[in-house]
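>
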Amino acid sequence: MSGQGGGEDNPKGDPTTPTQYQCVVCREYGPKEDRIGSRCSHCYCKDCLIHYLERTLAQDFFFPPECCGEPIPLTAMLIFLSPELIERYLERVVEKNDRDRTYCADPHCARYLPPARGLDDSVRSCKKCPTRTCTQCKARSHDGACVSHDSDVLQMAIDEGWKRCLECRNLVELTFGCNHIMYEHGPSVDSYEHTL
Numbered sequence: 016m017s018g019q020g021g022g023e024d025n026p027k028g029d030p031t032t033p034t035q036y037q038c039v040v041c042r043e044y045g046p047k048e049d050r051i052g053s054r055c056s057h058c059y060c061k062d063c064l065i066h067y068l069e070r071t072l073a074q075d076f077f078f079p080p081e082c083c084g085e086p087i088p089l090t091a092m093l094i095f096l097s098p099e100l101i102e103r104y105l106e107r108v109v110e111k112n113d114r115d116r117t118y119c120a121d122p123h124c125a126r127y128l129p130p131a132r133g134l135d136d137s138v139r140s141c142k143k144c145p146t147r148t149c150t151q152c153k154a155r156s157h158d159g160a161c162v163s164h165d166s167d168v169l170q171m172a173i174d175e176g177w178k179r180c181l182e183c184r185n186l187v188e189l190t191f192g193c194n195h196i197m198y199e200h201g202p203s204v205d206s207y208e209h210t211l
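Counting from 16, one number per residue, gives the positions in the sequence shown under this note's numbering.
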């Protein structure tokens with residue numbers, strides 16, 4: 016690591032013996048082995064890195080964790096992360112890359128349901144609750160074809176000028192600005208970009 020970007024410092028002020036590295040969040044000094052460096056040379060202590068990662072895992076819009084606009088590689092963080100935190104990180108990567116996300120149909124749960132590994136992915140079971148969700152209509156599992164949207168809602172959408180996102184098929188309303196729309200959904204305030 017280099018001294019650029021404030022990552023490498025010596026509290027005694029002697030630049031010829033850089034043995035202490037300063038965390039860019041809490042500003043505390045510590046030895047190199049107690050710090051993780053980002054691509055831009057900034058350093059994070061274990062506590063600050065874990066807190067930052069927890070926050071990015073909770074809000075999809077901020078995932079993956081970045082420093083100076085560059086993602087902090089998982090490989091650089093591994094030495095500080097518990098197996099549970101690594102698993103949550105990897106699950107979030109799958110969710111973030113899923114263009115047709117399915118969430119548990121139980122509104123009190125709403126947990127992300129990753130794609131099944133088998134051939135039939137029409138129904139997904141939630142690991143948190145007993146709910147089974149249809150991947151086509153995103154409602155509770157059912158027999159037969161999916162029930163179409165309520166015709167009153169569709170008529171209101173036409174009357175109000177709402178459009179369907181070409182990616183997720185949700186109805187969205189453009190009130191101002193360009194055709195790049197983001198909305199938040201789910202219990203973790205996830206963001207999703209719509210294409211009109």
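Each residue gets a CB set at the ideal place from its N, CA and C atoms; glycine is no exception.
How big is the Cα-Cα spacing for C58 and E43?
10 Å
> Looking at the unbroken alpha helix (DSSP H) that takes in R103, where does it start and where does it end?
98-112
> For L93, which residues from the same chain have a beta carbon less than 8 Å from its beta carbon, with the 5 sequence-adjacent residues on both sides left out?
I101
> Between the segment 143-150 and the segment 120-127, are three or more C-beta pairs nearer than 8 Å?
yes
> Give the DSSP-derived three-state secondary structure of C41 in the structure shown.
coil
> From the DSSP output, in three-state form, read off L64 for me.
helix
> Going by alpha carbons, who is nearest to I65 out of G176, R50, P130, R179?
R50
> Let's test the definition: count the other Cβ atoms within 10 Å of the Cβ of V168 and tell me whether it reaches 16, buried, or not, exposed.
So V168 counts as exposed.
> Pairs of beta-carbons, one from the segment 147-161 and one from the segment 127-139, closer than 8 Å: are there three or more?
yes
> Helix, strand or coil for V162, going by three-state DSSP, please let me know.
coil
> Going along the chain, which unbroken runs of the alpha helix (DSSP H) with 4 or more residues stay wholly within the segment 122-190?
The qualifying runs are 166-175.
> Considering only the alpha carbon of each residue, which of D174, C41, R116, R54 lies closest to P88?
When only C-alpha atoms are compared, the closest one is R54.
> How big is the Cα-Cα spacing for M171 and L186?
Near 11 Å, if we compare the C-alpha coordinates of L186 and M171.
> Looking only at its chain, what residues have a beta carbon closer than 7 Å to the beta carbon of L128, apart from the 5 residues adjacent to it on each side?
T117, Y118, C119, R139, C141, T148
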